[in-house]
Amino acid sequence: MNPILATVILALIQGWTEFLPISSSGHLVLAQHLLGVESAGVALEIILHLGTVFAVILYYRNDFLSILTGGWDYLRGGRGPEAVSAGRLLLFLILGTIPGALGGALFKDTIESAFGDVRFVCYALLFTGALLLSTLFVPRRRERLSAVRAFFVGVFQLLALLPGVSRSGSTISGGLFLGLDPEEAARFSFLLSVPIILGAVVFQLPDVGAELRAGHLPQYLVGLVVAFASGYLAIGAMLKIVRKGRFGLFGIYCLLVGILGLFIL
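Below, the structure written as structure tokens:
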């Protein structure tokens, strides 16, 4: 397959499925097996992840600007309303990132081996489907995000280190189980994606090595732009879906893809 076309396909999958609760890692693995799309390679994989990170940062630019300005003010002792709000959000993001960061470091080899097991990915998609459908039976509450809730949302994010388990699906589901307002659960899930993805990028940098070549620059730029644009659109679409209470219905899709994958592969 043409490298640019393959990059566009992988970038679209990464951008949309990173934020829709259907597992970007699972779909990338299935695309490689079903469509004959070659693995992105570490360098391109990092580029695609950075595209989705930039999408979140742009979409929630006010939150990140608040963290940079008010959060710094809070750390220096400022206790005004804006500083306290930014400081709390910074604390919540740190607490929510800890479980995934520890899990990624401790179980790196196990997680990497799971990416080579297509049947495992299909079973993980079935798990994601069941998790999403279960949220349809959770009474809607409007609890405030707290340190404890942020940490436990991070525990749900830990599950998504496994290919086939959706990161946004698990974290938003976790937020709903903990009583968060659906839109607030989605917002925190998307904000939480930035530190965990950047951490994974840093973790992968030593493996890039000779993959980075000037001749691949057009491919990298296409991947970055497509992943960014599709990711930005996916965030907006996902928020509309969450507001309408249709988040759990993605579980049906995940179940169908998981079952289909088990029969075909």
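Numbering of the sequence shown is given in this note's numbering, commencing with residue 9 and proceeding in unit increments.
Glycine is no exception: its CB is placed at the ideal position from the N, C-alpha and C atoms.
Here the structure is a predicted model, which is why all the values come from computation and not from measurement.
G137 and I260 have their C-alpha atoms some 6 Å from each other. Below 8 Å, too few C-beta pairs join the stretch 119-128 and the stretch 12-25 to call them touching: fewer than three. Scanning the stretch 225-261 from its first residue to its last, the whole alpha helix (DSSP H) runs of 4-plus residues come out as 225-251.
Under the three-state reduction of DSSP, L186 is assigned to coil, being neither helix nor strand. According to DSSP, residue pairing for E151 in a beta bridge involves L188.
Separation of the CB atoms of A193 and F27 is rounded to 13 Å, and the pair is thereby denied contact status at 8 Å. Residue burial annotation: P107 is buried, with at least 16 other C-beta atoms found within 10 angstroms of its C-beta.
By the Cβ criterion, the stretch 108-121 is not in contact with the stretch 51-67, since fewer than three pairs of Cβ atoms, one from each stretch, lie closer than 8 Å.
With a beta-carbon spacing of about 15 Å, F185 and G104 fall beyond the 8 Å limit used to define contacts. Straight through space, the alpha carbons of R150 and C130 are spaced by roughly 34 Å.
When secondary structure is reduced to three states using DSSP, L199 falls in the helix class.
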